[in-house]
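Novice:
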Ligand SMILES: *Cc1c(COP(=O)(O)O)cnc(C)c1O
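What follows is the structure, encoded as structure tokens:
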């Protein structure tokens, strides 16, 4: 019999959303409710003319624009086919059989999948009140821990970790433990991010970001991260060469240059999110505060969540079930069109 290596044979693949009926509106994957900037679309179209050529393998222009836009140095940046590529390569580069990766109870499941790929053990610190507890994370760290992975703001909780707590986490971790801070929703969090990006310079922290959420480029697959030089050099060995297509790099550059468009998308998304949150709370649902483009909705029981999911699907709306995160009494709703938000509110008010 032809066998895969043990770590792969033992794992289950990463579970994407069950998109079932394709006629329904998907609010299941935290995609943007808005199209990408028209400037990004025009730049992508123009770049397609050069599709006979390989893209820039070092993402020069993209890194330069990122360094103008965020408090990071261009030399620290690596770009990936989505930040998932970077997170996967990072975990595989720094954890292996016998090692542990410390995540959190409701942390991003892809970190657990990437840890399984590496053969290391994934350990989850409890998240009381659906938010990351830094003391619990610190308690979960052992001699075997090589990486601590936190998502800020969190998915699927939507809650955020205050900067001073993140700084305290780093200061309290042993220096041979790599801290990875996944900020895929960072543009929706109005904290000053400079102190967190500054952690990269000490050599033991990585911050990852994505163009998939606030910039509306999930289909282009562009993520980036700020890496200490020695960490980035190892991750680079595992990335696929030429990993981000020329059209995607062009779209990302143009989208980053159009900060006004992104800010407007973020503001409109937050307004719809908070409108729906207020409506659901008034109807009696438990909805944690969200610093992202989605809401986590908690029902009185798993049965009520299942029944509501069925009602929503019948009404043409697809949310994300949260059983995989150990939250079977919750559904997660991405912010969609105003029409979708009001239909969602109407259906859930009736099931409350
Ligand atoms: C969406 C998301 C990502 C980004 O994935 P991409 O590969 O950049 O599309 C990363 N982390 C979390 C927590 C996410 O929700």
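Residue numbers (our numbering): 621 to 972.
Glycine included, every Cβ here is placed at the ideal spot set by N, Cα and C.
In this structure, how does DSSP classify residue 925 when only helix, strand and coil are distinguished?
Specialist: Note: residue 925 maps to helix in three-state DSSP.
Novice: Does DSSP put residue 817 in a helix, in a strand, or in coil?
Specialist: Reduced to three states, the DSSP call for residue 817 is helix.
Novice: Assuming the contact rule is C-beta atoms closer than 8 Å, residue 972 and residue 903 should be a hit. Round their C-beta distance to whole Å, please.
Specialist: At roughly 4 Å, the Cβ-Cβ gap stays under 8 Å, so residue 972 and residue 903 are in contact.
Novice: With three or more C-beta pairs closer than 8 Å as the rule, is the segment 865 to 883 touching the segment 926 to 936?
Specialist: No, because fewer than three Cβ pairs between the segment 926 to 936 and the segment 865 to 883 fall closer than 8 Å, the two stretches do not touch.
Novice: Do you know offhand how far residue 779's Cα is from residue 669's?
Specialist: Looking at the two C-alpha atoms, the distance is approximately 42 Å.
Novice: Taking 8 Å as the cut-off, is the beta-carbon of residue 637 closer than that to any non-hydrogen atom of ligand 1?
Specialist: Not so, every heavy atom of ligand 1 lies at least 8 Å from the Cβ.
Novice: Suppose contacts are defined by Cβ-Cβ distances below 9 Å. Is residue 940 in contact with residue 953 by that definition?
Specialist: Their beta carbons are under 9 Å apart, which means residue 940 touches residue 953 by this criterion.
Novice: Pop quiz: residue 698 and residue 856 are said to be a contact at Cβ under 8 Å. What is the actual Cβ separation, rounded to whole angstroms?
Specialist: Contact holds; Cβ gap of about 6 Å.
Novice: What did DSSP end up calling residue 648 once you bin it into helix, strand or coil?
Specialist: Residue state, collapsed to three classes: coil.
Novice: Could you give the first and the last residue of the continuous alpha helix (DSSP H) run that contains residue 852?
Specialist: 849 to 858 is the span of the alpha helix (DSSP H), which, as asked, contains residue 852.
Novice: Applying the 10 Å Cβ sphere with the 16-neighbour rule, what's the burial state of residue 663?
Specialist: Under this definition residue 663 is a buried residue.
Novice: What did DSSP end up calling residue 753 once you bin it into helix, strand or coil?
Specialist: Note: residue 753 maps to coil in three-state DSSP.
Novice: Taking buried to mean at least 16 other C-beta atoms within 10 Å of its own C-beta, is residue 776 buried or exposed?
Specialist: Residue 776 should be labelled buried.
Novice: Using a threshold of 9 Å, state whether the C-beta atoms of residue 745 and residue 711 are closer than that.
Specialist: Against a cut-off of 9 Å, the Cβ pair of residue 711 and residue 745 comes out as no contact.
Novice: Please classify residue 672 as buried or exposed, where buried requires at least 16 other C-beta atoms within 10 Å of its C-beta.
Specialist: Residue 672 should be labelled exposed.
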